[in-house]
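Novice: One structure coming up, written as structure tokens, with questions to follow.
Residue numbers (this note's numbering): 5 to 154.
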């Protein structure tokens, strides 16, 4: 829930997904500022949405869980767009398994659509791989953590 009387229409409702990684890009956008280095930002500015200029996210949200400090062993990486979500299980650097779900028609994520929509699945798998590589690059080359990742 967001309240900003001079910008956001009262009692406005939306399905626009906002995540915590959107906070920094939004603040930069509000201030007309830019990051001082070329570190990639995971989120997006939601200012255009708040102003009512867009009604869908049109980019992928990524997250990882059960990850240790060096992305080794078994862990999960997921990506969700406006309509579909892919969940992957990594074992070290390899994807061990993945499932594709329809976020509109299967909120409980019970039907794996990987085979039915292989083009969507392949696209989101590429998004997961690019995001994971970006995270590892940020840690190793920009110094987000005190230790390099594999």
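Backbone N, C-alpha and C define an ideal beta-carbon position, used for all residues, glycine too.
By the 10 Å Cβ neighbour count, where 16 or more other Cβ atoms means buried, how is residue 92 classified, buried or exposed?
Specialist: Counting Cβ neighbours within 10 Å, residue 92 comes out buried, since at least 16 surround it.
Novice: Measuring only the C-alpha atoms, how far is residue 150 from residue 14?
Specialist: Any reading at residue 150 is ruled out, since the residue's pLDDT is 49, under 50, leaving its predicted position unreliable.
Novice: With a cut-off of 8 Å, do at least 3 Cβ pairs link the stretch 122-135 to the stretch 80-98?
Specialist: Verdict: yes, contact present.
Novice: Going by C-alpha distance, which of 140, 50, 6 and 119 is nearest residue 76?
Specialist: Checked all of 140, 50, 6 and 119; the closest Cα to residue 76 is 140.
Novice: Using a Cβ-Cβ cutoff of less than 6 Å, which residues in the same chain neighbour residue 125 once the five nearest sequence positions on both sides are dropped?
Specialist: Here the set comprises 104 and 118.
Novice: How would you write the range of the beta strand (DSSP E) that residue 94 sits in, first residue to last?
Specialist: Start and end: 88-95.
Novice: Select from 143, 43, 25 and 79 the residue whose C-alpha is nearest the C-alpha of residue 96.
Specialist: Checked all of 143, 43, 25 and 79; the closest Cα to residue 96 is 79.
Novice: Apart from the five residues just before and just after residue 136, which ones in its own chain have a Cβ nearer than 7 Å to its Cβ?
Specialist: Cβ within range, chain order: 81.
Novice: Measure the Cβ-Cβ separation of residue 54 and residue 8 and say whether it is below 8 Å.
Specialist: Going by C-beta atoms, residue 54 is nearer than 8 Å to residue 8.
Novice: Below 8 Å between beta carbons: does that hold for residue 142 and residue 16?
Specialist: No, the pair does not count as a contact, with Cβ atoms beyond the cut-off.
Novice: Taking 8 Å as the cut-off, decide whether the C-beta atoms of residue 33 and residue 49 are in contact.
Specialist: Cβ distance < 8 Å, so residue 33 and residue 49 count as in contact.
Novice: Once DSSP output is grouped into helix, strand and coil, what is the label at residue 79?
Specialist: Strand at residue 79.
Novice: Does residue 48 come out as helix, strand or coil in the three-state DSSP assignment?
Specialist: Correct three-state label for residue 48: coil.
Novice: Are residue 41 and residue 25 close, meaning C-beta to C-beta below 8 Å?
Specialist: Cβ atoms of residue 41 and residue 25: not closer than 8 Å.
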